[in-house]
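> Here it is: the structure, laid out below.
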Amino acid sequence: MQEIMKQAKLKAEELLTKGVVNRVIGWTEGDFSYDCSPATFTLDNLDKFVYTEFCGANLSKYLIEESKKEGKILVFLKPCDTYSFNQLIQEHRIKRENIYVVGIECRGKVDIDKLRAFGIDGVLGCKTEGDKLICDTIYGEKTVDKVDVMLEKCLSCKGKKHVVYDELIGEEVVEEPKDRFGMVAQLEAMTEDERYKFWQNELSKCIRCNACRNVCPACSCVHCVFDNPDSNIASKANTDRFEEKLYHIIRAWHVAGRCTDCGECSRVCPQGIPLHLINRKFIKDMNEFYGEYQAGEDTETKAPLNSYTFGDREPHEFDTKEGK
Amino acid sequence: MRKEPLIPGIGVVTDIRRDTPDVKTFRVVGLDGKKPFEHIPGQCAFLSMPGIGEALFSITSSPTNTEYMEFSIKKCGCVTEWLHQIEVGQQITIRGPYGNGFPVETDFKGKDLVFIAGGIGLAPLRSIINYVRDKRENYGKVTIIYGSRSDDDLVDYEEIKNEWVNEPDFSVYLTIDRETPTWDGHVGFVPNYVKEVGLDNTATAVLCGPPIMIKFTLANLQELGFKTNQIFTTLELKMKCAIGKCGRCNVGDKYVCKDGPVFRCDQLNELPNEY
Amino acid sequence: MMKISLKNLPELYSFIAKKNDLYLPIFKAGQVDFAKWDKDAIVDLNKLKTTKSAKDVFFPQSQDLVRFEVDGKKISIDEPIMPTNKQVIFGVKACDNRSFELLDMAFVEDYPDTFYEMRRANTTIVTLACAKPDEACFCKAYGIDAADPKGDVSTWIVDGYLHWMPNTDKGIELTTEVKDFFELDMDNSAVENQQSEIRAIIDRLPYSNIDLSKFTPDKLLELFNSPKWKALSEACLGCGTCTFVCPTCQCYDVKDFKTKTGVQRFKCWDSCMFADFTKCAHGNTRPSQMQRYRQRFMHKLVYFPSNHDGVYSCVGCGRCVQKCPQMLNIVKVIKTLGEDK
Amino acid sequence: MQVENKTFKPTIVAFCCNWCSYAGADLAGSARLSYPAEVKIIRIPCSCRLNPMFILKAFQRGADGVILCGCHPGDCHYTTGNYYARRRMTTLFSMLNYLGIEKERTRVEWVSAAEGAKFSAVMNDFVATITALGENKKLEDLRCKK
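Going down the list, the protein sequences come from chains A, B, C and D.
Each step along the first sequence adds one to the number in my numbering, with nothing skipped, and position 197 is 197.
Here my numbering = 1-based position in the second sequence + 1000.
Here my numbering = 1-based position in the third sequence + 2000.
Here my numbering = 1-based position in the fourth sequence + 3000.
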């Protein structure tokens, strides 16, 4: 990780000095190793650039605003982030010509909340050693297996291949894509009432902070329907249990077929709601009904909901699958 | 038990007058037929229609009017659009009064006053102008400079033409932005007109109008020798509670709803430029 | 002082819940939040910080204000239902307890919020000392002592016992009602030992001695105009996580909902971070995220102190430090802006 | 439960395409074929116009079942609208069911302008299904009940 970070920094410095780009978007250091934030850099503040196991944030969405500005920007994208990038290109939300993409190696990112749930409190700093994560805390040094505290999105990684880049840093890790739909299938196998109870329990935690929407690279509308007072659904609190469902169903629906499963929604949810399970259900359904499709894999293929065939299945046929 | 400040009372609209193509003046009384509450010039009240929304309006009528309250309202958002299509007899909810109002009994007393308004900016000033008319002995000379886009857009033109101009020691200057066939008065923007009418710079000036007008008028007044502590203006920002709690209308540490809407210019200069 | 064995707590809860709405940190789907206790609830007193703060108990996320019925041109108002239930909130940490005093300043001064006031009057606060503060805590910077959490009753959990000490009349009243569940505890040494342990931990927390001296009302314009806000707010998503988990954020919205037969007007939390917060018919006074971001921290560190005798509207609970999706927080603001002298 | 269901009269919202099933409903009327009064028909220009929000809002406002009627695939007045609608509704209904909402509460039927009898049969059947299923509790909004 240290090595990759050094390379990335050198690359940024090189491109900035050569004038290929006039700024860089990456991650800046925090006070503890887990609190690095996205930030833009020039040569002045490049010393604060970091790339660690806590750089889970997807930088693609920032490019919507950044690529409108003057000059070219260098962006570091992890393999999963490149899917969001492609999707945004397909939707004409970012200007490709203003962006220099450096694909950066990723071996899975760590979720600080999982670390805490593991009983590791007071984390001051972390470092990786092989498969282990060694945490320096106010209550002494603790060690965990990295795989136990990885972000949900990394546990179900789509693969470590960058689908778009101008240049690569680090080696392209070869990894078989993991099964993403295990939990969805488990839920499908439950009865309606069990599923309802599961979601009721999860969604009732929602505080409507809108973090999932605001971080989502697919939620790139200038004015969201939930911010439109005329839409009559713009309540800011889940005043009734209905509203939390309305919000999450509609939000998932609006990104259906465009969601690359980057997992940011689940990462940012302060209440730990497994929002990826809603998005993945749409992905799984569309794969099963209309053939395999991965949003963001390229910038050409039409999304399933933007296309049709004469012989598509009928709406009531979805329950003919196994389960229920 | 004390009454919850966010719960309004009910008012009845007893008269609707069309002032300009997009401004109507509404007369409101309480359910008992009396004025809903007492106020001082420059204060505001929250009007609302359940299900449409709630919005803050300055009270246009003078406190010396003991029978009813008036609001001059320009059509620009969803609440005002709804108000513009109602008929006499419609009930609305009303709560107030809010804000500090003009210092009519302190700073303004015994002073010559200059009122400068643009467009619907006359609404809060009408309250104080009529107050001054009714308590004429307390105030010196009054100069009113009022401008609008066209002669059709002059709010309260009838009252200005028939009453204000005839008041002793009142000078009224009207102007419109662009020439129209029906207008034989002055044509030009308010800020420039302010320099032309020959103001006495010892007077106290009260400004209200669109931000761009305020900006230029302020500069011109200062050029004429007015000091910032002689100039008062009113601010308007989005508000939901009007009691300094909902957190929207603050400019720096001042809440427009509670500490305003009337500010003296030297006070404003100490606030961050976020209004 | 009195004490009760931790295993007897469920009986204490059910006794208190007979006469009161009892709020406790309750575990639900992976998160711990203050919620109304019932016999199936999983209480988690060990959790240092609930995800949301305890302010819900006094200032719920959504509060029905008044119901209107509209009939032609006529409007009628239904009297609001006031929160008259007696409440006990149990397990409040020192920082959250302090936040109630700050909310009092916002809601009770001038036009008092009757719903809030009534809940405050009806509620007995039982606090709990923080046995294991974490890296994001900086309550010490605001003079809060996590080892002596105050409230109506203070409690400490040491070695399988909950130690109980009433501080106020309300606390004594509750203590009288529940005293049968407790045994007398003449020896304060267990609690005192824990207190000194906690204070020792807090002394070496990285944020405990954060420097707030730069944030005074007379620096309002200087801080407001600082060029550093831009870089600080760069990554901000404009979500409401920080405001909704914050114990002192108090902004709200008033909205109408058309029910089957009438219109329900309700008050709900709002966030100054939301793009539409100050948007109205004539425009938006804070159109950029930088301005909204600046507003939130200026309010906590400058505007609020300016209106309330220098008291900061932050209690150092560290929730924003841990919950911000992009790891921006008030400490980064304090450090960045506080460093230029 | 049985007793309750007998007195329970569901509220059904039927979104009908202007070019086919809306006319189909007309035809059912003029042919004196009855369909239950619980069905509230909302005309839409094409089955494709149905925003998923409409369905959720219908449930929020007290509907116990929502049905979409459109032209048979291939017969869309706008050539392809119902093909898109079909995909959308398939995925949406699957999602509702995934969240635990009874799958019987939502349905799509293709009814042409000539199929008055089918319209009536579909509605009778749908109302019977929903009546048996009972009140919509999982997608209700309590505020809309008072």
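Where a beta carbon is used, it is the ideal one built from N, C-alpha and C, also for glycine.
Please state if the CB of Arg-1133 (chain B) and the CB of Val-1070 (chain B) are separated by a distance shorter than 8 Å.
Reading off the sequence, residue 1070 (chain B) comes out as Glu, not Val. Not a contact, by the Cβ cut-off of 8 Å.
> Please report whether the beta-carbon of Gln-2291 (chain C) lies at a distance below 8 Å from any beta-carbon of chain B.
Answer yes: the Cβ-Cβ gap between Gln-2291 (chain C) and chain B drops below 8 Å somewhere.
> Taking only beta-carbon positions, decide if Cys-2239 (chain C) is within less than 8 Å of chain A.
Closer than 8 Å: yes.
> Taking 8 Å as the threshold (beta carbon to beta carbon), is Lys-3146 (chain D) in contact with chain C?
Yes - at least one Cβ of chain C is within 8 Å of the one on Lys-3146 (chain D).
> Consult DSSP for Ser-3094 (chain D) and reduce its assignment to one of helix, strand or coil.
Of the three classes helix, strand and coil, the one that applies to Ser-3094 (chain D) here is helix, per DSSP.
> Mind listing the chain D neighbours of Ile-25 (chain A)? Cutoff is C-beta to C-beta under 8 Å, in chain order.
The contacting residues do not exist; Ile-25 (chain A) stays about 34 Å from chain D at best.
> For the beta strand (DSSP E) holding His-2163 (chain C), just list the boundary residues, first then last.
Note, His-2163 (chain C): beta strand (DSSP E), 2161-2166.
> Which runs of the beta strand (DSSP E) at least 3 residues long sit entirely within the stretch 201-231 of chain A? Give them in chain order.
With a minimum length of 3 residues, no continuous beta strand (DSSP E) run stays inside the stretch 201-231 of chain A.
> Answer with buried or exposed for Ile-2081 (chain C), where buried requires no fewer than 16 other C-beta atoms within 10 angstroms of its C-beta.
So Ile-2081 (chain C) ends up on the exposed side.
> State yes or no: is the beta carbon of Thr-2051 (chain C) nearer than 8 Å to at least one beta carbon in chain A?
Closer than 8 Å: yes.
> Of all Cβ atoms in chain B, is any one closer than 8 Å to the Cβ of Gln-2194 (chain C)?
No, Gln-2194 (chain C) does not count as interfacial toward chain B.
> With 8 Å as the threshold, decide whether the Cβ of Ile-120 (chain A) is near any Cβ in chain C.
Not closer than 8 Å to any Cβ of chain C, the Cβ of Ile-120 (chain A) fails to qualify, so no.
> May I have a chain-ordered list of the beta strand (DSSP E) segments no shorter than 3 residues that lie completely inside the stretch 2100-2174 of chain C?
Qualifying beta strand (DSSP E) stretches, in chain order: 2123-2128, 2153-2158 and 2161-2166.
> On the criterion of 16 or more Cβ atoms from any shown chain inside 10 Å, does Asn-1273 (chain B) qualify as buried, or is it exposed?
When all chains shown are included, Asn-1273 (chain B) counts as exposed.
> How would you list, in chain order, the residues of chain D whose beta-carbon sits under 8 Å from the beta-carbon of Phe-2257 (chain C)?
Within 8 Å Cβ-Cβ: Arg-3143.
> Under 8 Å: do the stretch 2081-2098 of chain C and the stretch 2117-2133 of chain C share three or more Cβ pairs, one atom per stretch?
Result yes; three or more Cβ-Cβ pairs closer than 8 Å.
> For Tyr-2023 (chain C), which beta-bridge partners are listed by DSSP?
Note: Tyr-2023 (chain C) sits in a beta bridge opposite C:Lys-2036 and C:Ile-2089.
> So Cys-135 (chain A) and Cys-212 (chain A) are supposed to be a Cβ contact under 8 Å. How far apart are they, rounded?
Contact flag wrong, Cβ pair sits at about 28 Å.
> What's the C-alpha gap between Lys-158 (chain A) and Phe-181 (chain A)?
Each residue's Cα considered, the two are about 11 Å apart.
> Tell me, please, whether the CB atom of Thr-239 (chain A) is closer than 8 Å to any CB atom in chain C?
Yes, because at least one Cβ of chain C sits closer than 8 Å to the Cβ of Thr-239 (chain A).
> Between Ser-3112 (chain D) and chain G, is the shortest Cβ-Cβ distance under 8 Å, so that the two count as touching?
Within the model displayed, chain G is absent; protein chains A, B, C and D are what it includes.
> Under 8 Å, Cβ to Cβ, is there at least one residue of chain C near Asn-214 (chain A)?
Chain C contact via Cβ: present.
> Just to confirm before moving on: does the CB-CB distance between Ile-1128 (chain B) and Gly-1042 (chain B) stay below 8 Å?
In this structure, Gly-1042 (chain B) lies closer than 8 Å to Ile-1128 (chain B) by Cβ.
> Less than 8 Å between the CB atoms is what I'm expecting for Arg-267 (chain A) and Leu-88 (chain A), so what's the real figure, rounded?
With 8 Å as the limit, Arg-267 (chain A) and Leu-88 (chain A) do not qualify as a contact, their Cβ atoms being about 18 Å apart.
> Determine which residues share a DSSP beta bridge with Lys-2255 (chain C) and list them.
Bridge partners of Lys-2255 (chain C): C:Phe-2266.
> Under 7 Å between beta-carbons, which chain B residues line up against Cys-2251 (chain C)? List them in chain order, please.
Within chain B, the residues near Cys-2251 (chain C) are Cys-1246 and Gly-1247.
> Using beta carbons (cut-off 8 Å, strictly below), is Ala-12 (chain A) in contact with chain C?
By this cut-off, Ala-12 (chain A) is not an interface position.
> How would you write the range of the beta strand (DSSP E) that Met-1049 (chain B) sits in, first residue to last?
Unbroken beta strand (DSSP E) run through Met-1049 (chain B): 1044-1049.
> According to the neighbour-count rule (16 or more other Cβ atoms, all chains shown, within 10 Å of its Cβ), is Glu-1087 (chain B) buried or exposed?
Answer is exposed; the Cβ neighbour count stays below 16.
> In whole angstroms, what is the alpha-carbon distance linking Arg-3032 (chain D) and Asp-2256 (chain C)?
Rounded to the nearest angstrom, the two C-alpha atoms are 44 Å apart.
> Beta-carbon separation of Asn-335 (chain A) and Asp-81 (chain A) under 8 Å?
Nothing can be reported for residue 335 (chain A): it is not among the residues displayed for chain A, which extend from 1 to 324.
> Would you mind reading off the limits of the beta strand (DSSP E) that contains Arg-3043 (chain D)?
Here the beta strand (DSSP E) through Arg-3043 (chain D) covers 3039-3044.
> Could you check whether the Cβ of Cys-2139 (chain C) sits closer than 8 Å to any Cβ belonging to chain A?
So no, Cys-2139 (chain C) is outside the interface.
> Determine the direct distance from the alpha carbon of Ile-1214 (chain B) to that of Phe-1057 (chain B), and round the result to whole angstroms.
Each residue's alpha carbon lies about 19 Å from the other.
> For the beta strand (DSSP E) that contains Gln-1942 (chain C), what are its first and last residues?
Limits of chain C in this structure are 2001 at one end and 2341 at the other, which puts residue 1942 (chain C) out of reach.
> Going straight from the alpha carbon of Asn-2008 (chain C) to that of Ala-2041 (chain C), what length do you get?
Rounded to whole angstroms, Asn-2008 (chain C) to Ala-2041 (chain C) spans 15 Å at the Cα level.
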